[in-house]
Every structure is written in structure tokens, then in C-alpha cells.
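Below you'll find the structure, written out as C-alpha cells, and then a few comments.
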């Protein structure tokens, strides 16, 4: 019986023994990691598929658990957008099951030989992919993340310690139970995926200090969650900071392409991290480009907040304040600024951006290459929408988030980014002179 | 004038304004990183070569500075082994200069396209190597590390913030001056390599909290330094923990190869992190293998500390205590234990090892593959000495250390490991449906 099973049924809110519980979880995760590291891809995929089947069969139990969570959330007076993320129905549960099957179908990374060479002394050296280790995932009250994140970690042979938002406790526990079922069916340790068995916030603090047991923390959620994790964590963090993404329309942009990319980057979905938040327009082309781009955005329902130059060209814009350059609206609002060519755009992005995703629209190849080389963001695009910032669109399959950090993972964090490597050196008796 | 230049001449020991000084260093490093990210490989190599030339020409000035450090160290009563690392002579200064030239001659990683693919919608995606960022290096009183570490960071386009041991302050400052000269000659910002301009220990604490400016900390030194850094740092750390390396002699080991590898792994150099500290011998072959291996080790001047079974076979061994399995001797001492075949060896290493480097000696390919797959260390060897755990021996050129962590860098950390990557996506007007 795993720690999760033993504790999940107990009353929540216990504080007395959080540190001990978390330590036990850490020990169990490390032990599971040992078994996973030498498990076959087939066994891990079997676990994912068996969990998917069990989740489908257990739909009504998951819905019951979700009802408990919804009652709790409504009692707490949670706002509607959060309720929407929490609520499950048959379609959403089917999507969770299908997501696990999709992860199982992804190509295998663990064991892959990344690089191989032979030294003059005859030693052959291989860099071989291995699981990254024990991954702690802290997320909001979105039960689907329990399966998505747990499944993706498992795919790459990692042990996952999951901590979902307290309003999703029962739903996440029910899903975790089916993940455990899948692991049992596949002959893998249940502790490969553990859900922290308490709502107590102290558990998060403990998790962030467990350097002995946890290799990396992945926070998934809003800015305040991520900032708390980054401030408090002693364990390295794959930071997904906000997506303050920019669209730069260059002097040499095709006007129709500029319009279509600006509208798509902002309005296709405004709530995703790859949605554009600021439109930068080359001063020398603003008169020519901006009015029709602005009209298309306004027609699509977007509010525009412009600097002086932009407002002069499109008087219906609201004047922007300094805060607009650093605000991730995640809404149908776009700040607009005129800049001095590509160098001005680069400077603005350097000063206000979040190193996530930016695009340049231009027909001038040299200008594009300057932008692609100089801007220091995880994803840079030329003549394409920022909304392509997505692991699926990159062909990586599922992603656990988009990292704005520079260490280990950058951009979409998929199954491959959740691996480390080791060196395997084969000799015939070599000793070092 | 860089921060280093402005401050280095001032009296050391100032505490009043450490945070402000460190903040200024962080800002300067970030600014330098921007310039470095788009600098040419030629410019960075020019800087390294010009620094090497300047160091050679400045030998007498560096020796004068070293005299100040030696006087201070002797006053403080530093022990002889540390004085030996601190003292410079013409040969050592030549080696420092040559080291920089060797780094300049390494192949270029920055800008390299690691991976490239095209999506069905026509978007081409490249993963391109970029500098890792601002790297903080904390080391002991070894002036040569100032050039080695600063040079290696610069090679990959990173900005370095160096903090050497306080006894090497003047020597390191003199070397840093010549690195700045090289940067000036190459038209690169001097702040690409900054030496913290104070001996005050509080500066280290500040550096470890500068998440806003520093991307990774690399501690180079003994266990206590690394433990302090790992405990206190809010910035991610490339941990080089101790090298508790193991040699496992399997039932199917060739006796002569077993002897030669065991002696080389322990005795070639006992002070390096790749030196073996524990010899594990398959129980079923111990009678056959151990006596002659032990004799060769003892003849080479090694003290052996064995478990009961080992002592029974080689009565001249000292009985080992529990502490022997977790001690990195860095000396001519080796602990010896009999184990139950390869699985017993794997268990011992899992329990007591430091995830650094281990080797198996066996003629049985299947046994070897079990060991190579199951042991969770940065470097695993088959029929070769653990002393090959070295960036140079791997063909990487210089290394900044050997990481025992799993995140980003693992094993020898060379110029390539000091890079990150970004995604460059080229389109023709794609918008996401």
C-alpha cells in the first residue's frame, strides 16, 4: 500500500506530521525511481494504457469525487473561471484517458544513445538518455494535470510527486488511484506517481526543501504560484514565468501577413501563454501598416492600448501607461508601441519581455536573422504566429509547460526534456598513464 | 572602467556596501551577456589569446601579487597543501597562459544547430545553441582557476562572476586584469569576466541569492564549500559532490586486468575526484582475485581497509568500519568489501556512492551491461580505470568540474555543457487554426 493510499482517506488539514509524511514520500519516490530506471518502455506504456482504461471505466467514481470538490469550492466561494477548470464531465474524463494513451504512443527517449565517439586510446564513450529523476509538480485545481503531468513523468521513467490545488483534492486522488492501478498492472511501483495526501499548505513548503529526494520542481499555474515556488524552493525549478509575447511588424512586412499574424497571435486564444501581449511596429512603416492591423484587431473584439505614436495613427486606442508593457493580459487587450526598427524592437523586448516567445513579420531575410539571433527568448519565430508556442505544435506531443529558464529545459518541456543522461565508457583494460 | 577595476584597489574587508556592489556586478554581467550572445567566436577566441599573451608578458607582476597573497596566507597560518595550490612560479603562469590558448582552440558550440525538423504546416524548427547565461564560480585559493573558469565561460559566450578564495585575492586580481585586457583588445565588454572585488564572505551569500542576475553557480572545491553553496544557494547549482568512486571486480574478471585497473584507479593520482575509494569484489571470485590485487595495491603503497571476508583472505588489511564506505579518502587508502555478484555491487554503490564514477571489470558482456544500465552515476566504465573521469580524457578539452547532479550538466562540464539553446522557427505567414 502506497503512502498515497494510506493517507488519502484521512481527514485533511492535519499539520502535525507533514514533514514525516513528505519524507516518506521522498524515500518512496527514490525507491520507485530505481525500479523505473531499469524498467522497459513497454512496461511504462502498459501502465499508461491500463490507467487510461481504468479511468474510462471509473468515470462515475471520478465524477462523484469531483462533486465533493465542487461543493468544497463553492463553499469557499471560488471564482467561476477556477470552477470551470475544476469541473469534470464525461467528455473531459475521456480526454484525460485519451491524453494518457497519446503519451504512451510517443517515441521512447530513455536509453537512446544521444552521442557516441571513440578516443585514440580505444575507449568508446556513449551519452545515454536516462530519467531525470524525482520530479515535483505543483499545480492549481485542475484535475486533468494529475494525469497529464504524472503520465508524462512516467513516460520518461521519472518518479512524480504531485501537488494539486486543494479544491481538486478528491478528483485528483481518484485519478491518482487509477494511475496506481495502471502501475500495478504493469508490474511497476505505485510510488512512481504519488499525490501528496493532504491539503495542508505546509506540504508544499516541505516539498520545496526536499533537495535530498527531489531533482526538479515544475510549477504549473499563475504568476503568484510560480513566484512563490521560485522564491522558496531549494530544489531547482523549471520556471514557466509569464508569457509576455511580442509581435514585431517590420518596415518590410507584408501588410496582409502582418495583419493576419497579429490578429492570430493575440485573438486565437487569449488565455494561453503564447498569446501576444504587445505589438511593436516599425516607426517608418507604422502609417502604412498600423491602421489596417488595428482595425482587424478591433473588429475581432480586441482593446488596444497605444503609445503616443500609435494613438496618433489610431485615435480610438486608449493611451498606454508604463504598466501596459509589463502586463500579461491573458485577455482581449493588446499594447501597441512604435519602435525604431528591429533594433528598437529588440531593445523593447529585452527590457520588458519574459523570454518566452516573440515573432517578427518581415520579408527582409537579413532583418529577420538579426531578430532571431539577438532576441534572448526560448522561442523566436519569423513570419508565424506566437500561438505556435506549444509542445504539440512543435511535434513533441504532450508538454508539462513552457520553460522560460535557460537551464536544462527551455521552451516546451516534453518527455525528452524530462530526461538526463549518463556516460557509458567501454574499454578493454585501459589504465590512465 | 569595470566594477572590478574600480574596486579591486580598495581596502578589502569592507562590509557596508556588499549588496550594492554585488548588484552592480550582476547588472554589468547581464549587460555583458547581451553583447557576448551576439559576439563572434573569433572575437571571443581573440580575447582568450590576447589574455594569454598579456599573462605571459605580465609574469613578474603576477608573481609580485602572488607574494602578497603568500605573505597573507602565511600570516593566517594556512596549511602547506593549500599554500602549494596558491603559489605561482613561471612554469605555472605559462601553464595558465597555455590553458587559455587551448580553450581558444576548442571547437565552437554557440550558434550550432543541435536539431532541425519541419512540421507538416511548413514551419521549420531549429534548436540552436546559445550561451547559458551568467555563471557564478566559487572556488578556493587557486589563482589558476580564475583563468581556467573565466576562460571556459567566455569561450561559450557566458558572463562569469568569479569568487576565489581570499588568500588568492591579489594573484586572481592580477590575472583578471589580463583577462580584461584581452577582452578590450577583442572589443568585448570587460564585465564578461568579473572578479568579486572584496574578500568579504558576505559577497558569497549575496551571489548565491542573485537569482535575478545569475543563471547558475558552479562551486569548485572541497566538500564543505560545496555543501555550503548547495544549502544556501537560491540560484541553481552545478554540484560537484565528492567522488566516491567504486571498482567492482566481477567473477569473470581477468585477474591481471583486475589488478592493473584497481591499482591505477586508486594509485595513479589519489587526490583527483575520479580516484577509486572502494574496491568491491565478487564473493565467488574473491579467493581467486583478491590476494594478488591486494598485494599489488600494498606494494604500490596503499593502505587497505577490508570487511570481514576481505580481511579473512588478506589478513594484513585493517578491519573497515561503517565510515569507510562513505569516506572519500583522496589518499592512498582503499576500502575493500566482498559483495554478492553484480547485483550486490550495484546495491552497495546505490547505498554509499556519490553518483560520480564507477567501473566494472569483467569478461562477461551481459554482466557488464547490467552494471552499465543499472548504476545511476554520471560515468560508468567497463574494463577501464575510473581515473578516466576527466573532461580532457573524454575529448572535451578543459572542464570546469564534474557534475554529480542530473540537471543540465552531468559528468565533465566542458564548454558545450556551459550552453543553453533556443528554438528558431521560420515560417511563411503561418497562423494557428
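Chains as they are written, first to last, in my numbering: chain A, 311 to 743; chain B, 311 to 743.
Even for Gly, the Cβ is constructed at its ideal location relative to N, Cα and C.
- With a cutoff of 8 Å on beta-carbon distance, residue 721 (chain A) and residue 688 (chain A) are scored as near each other.
- Residues of chain A with a Cβ closer than 8 Å to the Cβ of residue 684 (chain B) are, in chain order, 347, 348.
- For residue 527 (chain B), the enclosing beta strand (DSSP E) covers residues 526-530.
- Secondary structure of residue 425 (chain A) (DSSP, three-state): strand.
- Among the residues of chain B, those whose CB is under 8 Å from the CB of residue 429 (chain A) are 703, 704, 705, following chain order.
- Annotated as proximal: residue 636 (chain B) and residue 554 (chain B), with beta-carbon spacing under 8 Å.
- Within chain A, not a single residue places a beta-carbon under 8 Å from that of residue 424 (chain B); the smallest gap is close to 10 Å.
- Counted as a single uninterrupted DSSP element, the beta strand (DSSP E) harbouring residue 730 (chain A) occupies residues 729-740.
- In this structure, the straight-line span from the alpha carbon of residue 476 (chain A) to that of residue 365 (chain A) is close to 21 Å.
- Take residue 428 (chain A), set aside five residues on each side of it, and the residues of its chain with a beta-carbon closer than 8 Å to its own are 434, 435, in chain order.
- DSSP, read as helix, strand or coil, puts residue 566 (chain A) in helix.
- Look at the stretch 684-726 of chain A and you find these whole runs of beta strand (DSSP E), each 3 residues long or longer: 689-694.
- Under the Cβ criterion of 8 Å, residue 565 (chain B) is not counted among the residues facing chain A.
- In this structure, residue 482 (chain A) lies near residue 474 (chain A), with their beta-carbon atoms less than 8 Å apart.
- Here residue 558 (chain B) is bridged, per DSSP, to B:590, B:670.
- Counting along the chain, the unbroken beta strand (DSSP E) around residue 616 (chain B) starts and ends at 613-616.
- With a threshold of 8 Å between beta carbons, residue 660 (chain B) makes contact with chain A.
- Beta-bridge partners assigned by DSSP to residue 437 (chain A): A:425, A:733.
- Contact between residue 569 (chain B) and residue 602 (chain B) is confirmed by a C-beta separation of about 6 Å, below the 8 Å threshold.
- Using a CB distance cut-off of 8 Å, residue 695 (chain A) counts as an interface residue toward chain B.
- Residue 620 (chain A) has its alpha-carbon roughly 6 Å from the corresponding atom of residue 647 (chain A).
- Just so you know, the alpha carbons of residue 527 (chain B) and residue 489 (chain B) end up roughly 20 Å apart.
- Against chain B, the CB of residue 688 (chain A) has a partner CB under 8 Å away; the residue lies at that interface.
- Among the residues of chain B, those whose CB is under 7 Å from the CB of residue 731 (chain A) are 720, following chain order.
- Here residue 718 (chain A) really is in contact with residue 718 (chain B); their C-beta atoms are around 4 Å apart, less than 8 Å.
- Under DSSP, no beta-bridge partner is assigned to residue 507 (chain A).
- The beta carbons of residue 453 (chain B) and residue 376 (chain B) sit about 7 Å from each other, so the pair counts as a contact at 8 Å.
- For the stretch 560-587 of chain A, the residues whose beta carbon sits under 7 Å from a beta carbon of chain B are, in order, 567, 570, 571, 574, 578.
- At least one beta carbon of chain A lies nearer than 8 Å to the beta carbon of residue 740 (chain B).
- Using a Cβ distance threshold of 8 Å, residue 683 (chain A) and residue 348 (chain B) count as a contacting pair.
- Put simply, of A:659, A:524, A:716 the residue whose alpha carbon is nearest the alpha carbon of residue 336 (chain A) is A:524.
- Between residue 640 (chain B) and the set B:345, B:558, B:581, the nearest pair of CA atoms involves B:581.
- Out of A:740, A:393, A:468, the CA that lies nearest to the CA of residue 566 (chain B) is found in A:740.
- Counting every other CB atom within 10 Å of its CB across the protein chains shown gives residue 707 (chain B) a total of 16 or more, marking it as buried.
- Residue 644 (chain A) is bridged by DSSP to A:614.
- Its chain contains 623 as the residues whose beta carbon lies nearer than 8 Å to that of residue 597 (chain B), once the 5 sequence neighbours on both sides are disregarded; these appear in chain order.
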